[in-house]
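**Student:**
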Amino acid sequence: MSNFEPEIVAFCCHYCAYTAADMAGTRRISYPSNVKIIRVPCTGKVDAIHLMKALEKGADGVYVAGCLDGDCHFKNGNLRATAHVEKIKKVLEDLGWEPERVAMMYFSAGMGEQFAQGAKEFTEKIKSLGPSPASQTVGKAV
Amino acid sequence: MQKIKQDEKRVLVIGGGVGGIKAALDLSESRKQVLLIDSDYAIGGLMTQLDRTFPTNNCDLCTVSPHLSATTREKFLQISPMTELTSLSGEAGNFTATLNTAPRFIDIDKCTACGECLKKFPEAVRFTPGLDPRAPTCMRYPQATPYAYSIDMEKIDDVEALKAVCKAGAIVPDDSEQQIQVNVASVVLSVGAELFNPGVLDNFGGGKFDNVVPGLEYERIMSASGPFQGNLVRKSDQQRPKKVAWIQCVGSRGINRHDVSYCSSVCCMYALKEAMVTKERFGNDIETTIFFMDMRTFGKDYEPYYNRAKEDFGIRLIRCRPHSIIELPDKSLEITYAKEDLSLMEKEQFDMVVLSTGFRPSQKTIDLAGTLGIDLTEHNFAKSGTMDPVTTSKDGVYVCGVFESPKDIPETLVQASAAASMAGTAVPSGEWVEDLSLYPPQRDVEGEDTKIGVFVVDCDGEIGQSLDIDKILENAKTNPDVAVAEAFNLSCSFESMEKIEGLIKEQKLNRVVIGSGSPRIQEIMFQDMLRRAGLNPYLLELVNLRDQNAWAHNDAPAKSLEKAFQLVQSGISGVRKAKPLAENMLPTSQNALVVGGGVTGMTSALELADQGTLTYLVEKAPVLGGQALNLSQTIEGDDVAAFVKDLVNKVSAHENIKVFIDAVIAEHKGVPGKFTTGVKIGARTEQIDHGVTILATGATPNRPAMYGLGELDKVMTQLDLDAILENDESKIKAMGQLVMIQCAGSREADNPNCSRICCQAAVKNALRLLDVNPDLEIFVLYRDIRTYGFQEDYYKTARDKGVKFIRFDLEHRPVVREEAGKTIVRAHDFILGQDIEIEADCVALSTGLVANTETNKELCGLFNLPKTEDGFFLEDHVKLKPVDMALRGFFVAGTAHSPKVIRESITQAHAVAGRARTMLANKEITLGAAFATVDPVKCAVCLICVRACPYDVPFINTERHSEIDPAKCRGCGICVAECPAKAIQLRAWEDDQILAKLDGLFERV
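Chains as they are written, first to last, in numbering that gives the first Met the number 0: chain A, 0 to 141; chain B, 0 to 1004.
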């Protein structure tokens, strides 16, 4: 499984994490291309269903990246997102999956470097976990 | 040739570089008539010749004008290239300008820029050959930045042959010079400067040795549109250099023949940029060396850029001004230089040498100053006000950019906005009409089969250099509903936009996917394009191929391309679910809130109030004035106290300004354009309505516990020393030796940025000390002296007067101790190679400014604004929107933005007032279409949305279901995610759109 390239979806909020990802690009700080970003206005918009659907459709890992604690553009959307992620972790555990396949991260708009670092670490983590049980059953064309 | 309307009163902007463009855009955005002239046949100026610009290392020119629709531009802005001012008569408010327009010999309206004439008559046709194609296209004005050629008729022998070659019949052989007179209320000068020609020096071989090039030529060599198509090679043998050296301060900061004494301010940053881009694009194995005297990275967040160059890129830095360059037989170059720690000369070979040359005002500019009747400085730059840097010696004539003093792009843009703001006060804003009515009607796409256009819009190879765009398009075309898939270059050019517009109309496309830069910056621009094409702007999906793919995965091209396929497929899949949406318009409040009653806040408030805006000025302290109250004079010798007193009087007496002192911001609610803020004054809270907000909360003088500050009696800050100078000269007269220590608390691990003001403060105080006590011996311990621009002259004067400057670095810090009642400073002298001890009667620490961390944190929380890592407010775009904040209607100025001297703060104060006017002049603001809607059938009236909404918007209406007021909804979507019945959807971000994007990512086509 050494050359396993996981599919990773990152839901990033427009104001902080998505800007941080742009910042990483602007500064040419590289991170694994496994990470594909879906922009959302606020991480509070990311439904538990979106996380489950991402895993069902073929992601080996999903994370939500919002603003730092106290910095949410919409007051507390990032904390709600954290709660959704926690909930999904429990669901995964009940299913016998590794709860680490979902995660919550926080970045301010200026944290390009940390964004890249987070992407790297999460990708490494998922690589070590191997393909998700769902993607194995749907016989992903990799 | 477009006819210049002669009757209307307007602002005349001279010079179509980035500063002039910005000034003209700001004015037209404020609905004021403006005429932009440039002597060149296309606007764009110097910036368009640069390969990449710092600190973002990309072009980004497209971000200058996102809030200005093409139609508004056409209404208020006229551009006249090949035009020069020949005289200016009359007075401020009522000038008559005589303008001469040179013949182009081409009818712009007919010219299609096919290039046939250029092919047949390459010597006579002008089209910026070899230079950047962005020049004529960067601003997207079909009639303005003419994307058309111009002919040098003198070089044409056979006019008939030329006419025959032009299929459009655009050649006008009898075109002649036109002279017109226009009524002008005020003038903005943004004519820039030339770059020093190093060929006149005899020691560096500039213009003589093939492989010695000035900085700008190196940019051209690296640029994709340059002479070698972006391939970095030596001129002599077309081989890639393995060792490149930069020599700083060529022609600047000198006393030799052809030198100027001032610092050009930008060369340190551009050399670092060129060295970093070289490594990044052409191989990390290329050794890059910069020879420098002082590294002047004094701008906002520039110091970390310098650190990155050293630490991450391994740029070699040698502190030395080399004596000369010798060309070797193989055309390599030998540099002889002295190392600080060695008494011997070193010789080293390089493949290529770049000379970092700075700005020089051109003769043409000097002549223009004569025509206008404005004074110049000893260096031939425009003489500007010492407190008001954009005013000239002539009333009604303003200056911005490099012609005022050497500066970089962000500072040029700040001055441009400031000059535009001040010049604009003489012209009334045009009547407001709803812009949307000026677009073609939107086509009804309901019931049509999906027909998608996929366009990859690159900018000068930023995407194409790392991703195979053809393959991306090929892949997109495998979708049966993708009708068109095409690539375009130059996202910022009107031509690409026009072509896409044409394709949308011709092919009756009803969905568009654009693969380009970040939607954060470009969405507004492409939405505007859809409107012009008669499509609803929400039938669009942007795919971030540049910032989040090409730039981020340089190390893995194959995987990066695979990701591009997935991202585009995700965009296609998502756009299928997009629906046409109506935007929510809201009338804006016409009042302004200025937070902070220092010099910056007061200046902004006055300028807004003078133009009839009711302005609330909130100051935390019991008096107005801010940090300027602790400052007695500027380096130029202005009396700060008198200036502040005058400002306070004007502000206090102004009928349109309401001042709150001892007041803080306590609460804040509303939507962009219409905010209500609670100002707490003692026990009472007053609610105020405002449309724009200016943050001018300043910064705090740093008092780090270093070098004995707070412990030893004789150790103080420069501000403390300033107070002694002002109040107790006898103390100064009694001193024998004084030591200043620079960068105290700045450029350190816990505060990495340079505080910008301290070098000039030290020089200023040293000169003042010597005025009082000429026998005083002054030692300045420094890391790099950063007296940028004309401050350099004061630095030189200080050295001439005997002030001793001794360098240190972090490994050799000075140590201050008290011994037997004496204060002793121990420092390492690199030139002597040993430690020295100085007995000091006073040790003045240059401690600089740090962010008002607590205040800024509180305000960022209340207003939902971002800040930098060191606690200053974070602007929307560091380079091109330096005073706008990410949230519309919020602006930042003065030291709340970053440390700066008082005149720079004042410039920003004018700039934000101008930027605020651009918003107030448009009486309505669009809040976009993203608001939440409730499906009454699904709503179970569970009240979860009512509780979840951070702004208390949802309520249960009389029909017993939840309802959301679109004018109040901020569009976060939290209620959508929380609603257990899935009865709420956020328009433009609906669940099926997000799920479709997921489908697209994992679909294999």
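Using N, Cα and C, we set each Cβ at its ideal position, and we do this for glycine too.
1. Candidates A:28, A:32, A:12: which alpha carbon is nearest residue 312 of chain B's?
2. Report buried or exposed for residue 0 of chain A, applying the criterion of at least 16 other Cβ atoms within 10 angstroms of its Cβ.
3. Can you list the residues of chain B that residue 121 of chain A reaches, using a CB-CB cut of under 7 Å?
4. How should residue 218 of chain B be labelled, buried or exposed, when 16 other C-beta atoms within 10 angstroms of its C-beta is the threshold for buried?
5. Under 7 Å between beta-carbons, which chain B residues line up against residue 30 of chain A? List them in chain order, please.
6. Determine, using beta carbons only, whether residue 548 of chain B comes closer than 9 Å to chain A.
7. Could you check whether residue 934 of chain B and residue 982 of chain B sit closer than 9 Å to each other, using their CB atoms as the reference points?
8. I want to verify the contact list: residues of chain A whose CB lies under 7 Å from the CB of residue 863 of chain B, in sequence order.
9. Taking DSSP's pairing of strands, which residues face residue 688 of chain B in a bridge?
10. Would you call the segment 830-843 of chain B and the segment 856-863 of chain B in contact, with 3 or more CB pairs under 8 Å?
11. Starting from residue 975 of chain B and walking both ways along the beta strand (DSSP E), at which residues does that stretch end?
12. How long is the line joining the alpha carbons of residue 522 of chain B and residue 544 of chain B, rounded to whole angstroms?
13. Which residues in the same chain have their Cβ closer than 7 Å to the Cβ of residue 398 of chain B, if we skip the five residues on either side of it in sequence?
14. Closer than 9 Å, CB to CB, is residue 145 of chain A near chain B or not?
15. Taking the alpha-carbon of residue 576 of chain B as reference, which of B:995, B:95, B:117 has the nearest alpha-carbon?
16. Terminal residues of the continuous beta strand (DSSP E) containing residue 482 of chain B?
17. Mind checking who residue 496 of chain B pairs with in its DSSP beta bridge?
18. Hey, out of A:110, A:118, A:112, whose CA is closest to residue 101 of chain A's CA?
19. Between residue 182 of chain B and residue 919 of chain B, what straight-line distance do the alpha-carbon atoms span, to the nearest angstrom?
20. Are the segment 4-20 of chain A and the segment 33-40 of chain A touching by the rule of at least three beta carbon pairs closer than 8 Å?
21. Check whether the Cβ atoms of residue 987 of chain B and residue 534 of chain B sit closer than 9 Å, and answer yes or no.
22. Say the cut is 8 Å; is the CB of residue 449 of chain B nearer than that to a heavy atom of the ligand GTP?
23. Whole-angstrom Cβ separation of residue 352 of chain B and residue 244 of chain B, contact assumed at under 8 Å?
24. Return no unless some Cβ of chain A is closer than 9 Å to the Cβ of residue 791 of chain B.
25. Per DSSP, residue 638 of chain B forms a beta bridge with which residues?
26. Within 10 angstroms of its Cβ, does residue 121 of chain B collect 16 or more other Cβ (buried), or is it exposed?
27. So which residues on chain B does residue 90 of chain A lean against when the C-beta distance must stay under 7 Å?
28. Using 9 Å as the threshold, is the C-beta distance between residue 504 of chain B and residue 532 of chain B below it?
29. Kindly indicate the opening and closing residues of the beta strand (DSSP E) around residue 302 of chain B.
30. Between residue 142 of chain A and chain B, is any beta-carbon pair separated by less than 9 Å?
31. Please list, in chain order, all residues of the same chain as residue 608 of chain B whose beta carbon is under 6 Å from its beta carbon, the five residues on each side excluded.
32. To the nearest angstrom, report how far apart residue 475 of chain B and residue 998 of chain B are at their CA atoms.
33. With a threshold of 7 Å on Cβ separation, who are the neighbours of residue 33 of chain B within its own chain once the five nearest residues in sequence on each side are excluded?
34. Just to confirm the assignment, what range does the beta strand (DSSP E) spanning residue 113 of chain A have?
35. Using a Cβ-Cβ cut-off of 9 Å, state whether residue 973 of chain B counts as contacting chain A.
36. Who are residue 11 of chain A's beta bridge partners in DSSP?
**Tutor:** Walking through what the data contain:
1. A:28
2. Any reading at residue 0 of chain A must be qualified, since the residue scores a pLDDT of 47, below 50, and its modelled position is unreliable; no value is offered.
3. Neighbours of residue 121 of chain A on chain B: none; closest Cβ ~15 Å, over 7 Å.
4. buried
5. 551
6. yes
7. yes
8. 72
9. B:675
10. no
11. Where residue 975 of chain B is concerned, there is no enclosing beta strand (DSSP E), although the alpha helix (DSSP H) it sits in stretches over 973-977.
12. 13 Å
13. 188, 381, 383, 389, 391, 418
14. Nothing about residue 145 of chain A can be reported from this structure: the residues present for chain A run from 0 to 141 only.
15. B:995
16. 481-487
17. Looking at the DSSP assignment, residue 496 of chain B forms no beta bridge with any residue, so it has no partner.
18. A:118
19. 26 Å
20. yes
21. no
22. The model depicted lacks the ligand GTP and carries no ligand whatsoever.
23. 5 Å
24. no
25. B:632
26. exposed
27. The contacting residues do not exist; residue 90 of chain A stays about 16 Å from chain B at best.
28. yes
29. Element bounds for residue 302 of chain B: not the beta strand (DSSP E) but the alpha helix (DSSP H), 301-310.
30. Only positions 0 to 141 of chain A appear in the structure, and residue 142 of chain A is not among them; the question remains open.
31. 614, 653, 655, 656
32. 15 Å
33. 9, 10, 12, 23, 26, 27, 75, 76
34. Looking at the DSSP string, residue 113 of chain A is not in any beta strand (DSSP E); the run it does join, the alpha helix (DSSP H), is 111-128.
35. yes
36. A:38, A:64
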